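To get the working numbering, take the position in the sequence shown, counting from 1, and add 9. A virtual CB, placed ideally from N, CA and C, is assigned to each residue, including glycine. None of the values given here were measured: they were computed from a predicted structure. Have a look at the structure below before the remarks.
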Amino acid sequence: MRKGKDKGWLLVGGCAAAAGALLLCSALVGEGIRRGLAICASVMIPSLYPFLILSDFVARTRVGRLLEGPFGGLAERVYRCPRQLAPAILMSWIGGYPAGARVLSGMVRRGSLSQRDADTALTFCVNSGPAFMAAVVGAGVFRSVGWGLFLYGCQLAAGLLAGRILSRRRAIRMRPAGGEKYQSPVEGFVGAVSSATAGMLSICAFVLVFSAVCRLLEGWGVLGLWSEWASGLSGGALTPDGAACLGVGLLEIGGGCARAQALAPGQGALVLPFLLSFSSLSVICQVAACFGDPPADFGLLLRGRLLHGAFTALLASPVLWRRFASVPAMAVGRPVLAPGSGTLLGILCLLCVCAILCSTAAGDR
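Structural data, given as structure tokens:
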């Protein structure tokens, strides 16, 4: 009881400190929120919102069942999990961080998957999407879509390794299908747009909150102290600007990628492989919130993100460092979905969406 009371007083103190920060540093908070809004408008919504609709559509209709055929064997042989998880794995590959989690949360709501097994599946169903990797990271940081896709491939391989390690003692078992009811394509599409819109608002809310926190830490000098300490700890391999990018990215990945575009690519090679797979505390909260009440197991999710980030860094950072260590810093910019190859990738993804919709409609007839 004493320990619980101490925690309660710590929470009270934290709330009081937060209230004081909001009252005394409202200008910094407002600036941080405006930065978060810019990131949401230029990066998050364009790259994520269409795939949230797609992942919800898959969860609501028989598309998920259809995808078990061609991809179920991959889930069983490579990820060593039930073939029914193939849609969640596929959506995590192409849709961005919360897309796979939204498919899993739909399975939990239908009763085909327990919350505990969904928590285990999240160790390998949280990835950055290829559109973000190619356009924002590849073209925006390394000036090459190909290097962004290389980093994306390393992330998928690292997720497989992390998932196998963390799920060795937590075998995933599907529940009997029972009376699972799927919606028609029209009902599924309408429901998916509505649900994805609510989910996008929730995601943007977390981005705004953590962007405000980052701006407060920067304004109070905490980020500067962290940068000097982390740079010294790395023996100078990480510059203060690179360390600041790492600190911001640990809290909110969009802000970290925005800072990475102003770094020398060699610094991006050291920082981004870990950050993009760790995904940031903001994304971890977004994924946990997909499941409502109760949320996902935050501890397991955090361990999975840390291990995933470490494996991606081991696979990608040495290669990227050898290639970009001597390349000078780029001009300062903000993350946008670049034209050219990024647009082509987006078109291909939209064509895949249309193909899935058409195949489902044909199957219902």
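Provide the residue span of the alpha helix (DSSP H) that contains residue i, from first to last.
i, result
"Pro303", "Premise fails: Pro303 is in no alpha helix (DSSP H) and is neither H nor E."
"Arg86", "72 to 86"
"Ala325", "307 to 333"
"Ala167", "154 to 175"
"Gly258", "249 to 260"
"Trp229", "Element bounds for Trp229: n/a, residue is neither H nor E."
"Met116", "106 to 119"
"Val67", "54 to 69"
"Gly277", "274 to 287"
"Ser35", "35 to 48"
"Met100", "95 to 103"
Check this for me: beta carbons of residue i and residue j, under 9 Å apart or not?
i, j, result
"Gly256", "Leu279", "no"
"Ser400", "Ala84", "No statement about residue 400 is possible, as the shown extent of the chain runs from 10 to 374 and does not include it."
"Thr70", "Gly172", "no"
"Ser286", "Val296", "no"
"Ile54", "Cys213", "yes"
"Trp102", "Arg332", "no"
"Asp128", "Asp302", "no"
"Pro91", "Ile181", "yes"
"Arg184", "Ser240", "no"
"Leu57", "Gly104", "yes"
"Ser204", "Asp65", "yes"
"Ala334", "Phe283", "no"
"Ala269", "Val146", "yes"
"Gly45", "Glu261", "yes"
"Thr63", "Ala271", "A small fix is needed here, since residue 63 is Leu in this sequence, not Thr. Contact flag unset, no."
"Gly244", "Trp330", "no"
Note down the Cα distance separating residue i from residue j, rounded to an integer number of angstroms.
i, j, result
"Val76", "Leu226", "In the sequence on display, residue 76 carries Leu and not Val. Roughly 45 Å separates the two Cα atoms."
"Leu160", "Cys134", "17 Å"
"Asn136", "Leu99", "10 Å"
"Val67", "Pro139", "19 Å"
"Leu20", "Ala26", "10 Å"
"Ile293", "Leu131", "10 Å"
"Leu33", "Arg224", "14 Å"
"Leu311", "Leu290", "8 Å"
"Ala148", "Lys190", "43 Å"
"Ala221", "Gly41", "4 Å"
"Leu304", "Ser123", "This sequence places Pro at residue 304; Leu is not what is there. Straight-line Cα distance between these residues: approximately 12 Å."
"Tyr106", "Phe215", "13 Å"
"Gly277", "Ala108", "25 Å"
"Ala166", "Gly17", "42 Å"
"Thr248", "Met116", "45 Å"
"Arg43", "Val154", "29 Å"
"Met142", "Leu61", "17 Å"
"Arg86", "Gln93", "13 Å"
"Val195", "Gly263", "33 Å"
"Arg177", "Leu316", "14 Å"
"Ser35", "Leu217", "14 Å"
"Val52", "Arg179", "35 Å"
Evaluate residue i with the Cβ neighbour count: other Cβ atoms within 10 Å of its Cβ, from every protein chain shown; 16 or more gives buried, anything less gives exposed.
i, result
"Arg125", "exposed"
"Phe151", "buried"
"Ala207", "exposed"
"Ala246", "exposed"
"Ala273", "buried"
"Glu237", "exposed"
"Ser326", "buried"
"Ala430", "The structure shown does not extend to residue 430, since the chain is modelled only from 10 through 374, so no value can be given for it."
"Leu234", "exposed"
Could you tell me whether any Cβ in chain C is nearer than 9 Å to the Cβ of residue i?
i, result
"Gly138", "Given the protein chain composition of this structure (a single chain), no chain C is represented."
For residue i, collect the residues of the same chain with a Cβ closer than 8 Å to its Cβ; drop the 5 residues on either side in sequence, then sort them by chain order.
i, result
"Leu232", "Cys223, Leu226, Ala253, Gly256, Val257"
Sorted by chain position, which residues of the same chain lie with C-beta nearer than 6 Å to residue i's C-beta, five sequence neighbours on each side aside?
i, result
"Leu175", "Thr132, Gly313"
"Leu37", "Arg224, Leu225, Gly228"
"Phe300", "Ser114"
"Cys163", "Thr321, Leu324, Ala325"
"Leu309", "Asp128"
"Phe80", "Ala95, Leu99"
"Phe219", "Leu260, Glu261, Ser291"
Which same chain residues, not among the five before or five after residue i, have their C-beta less than 7 Å away from its C-beta?
i, result
"Tyr88", "Ile98, Phe133, Leu169, Gly172"
"Gly29", "none"
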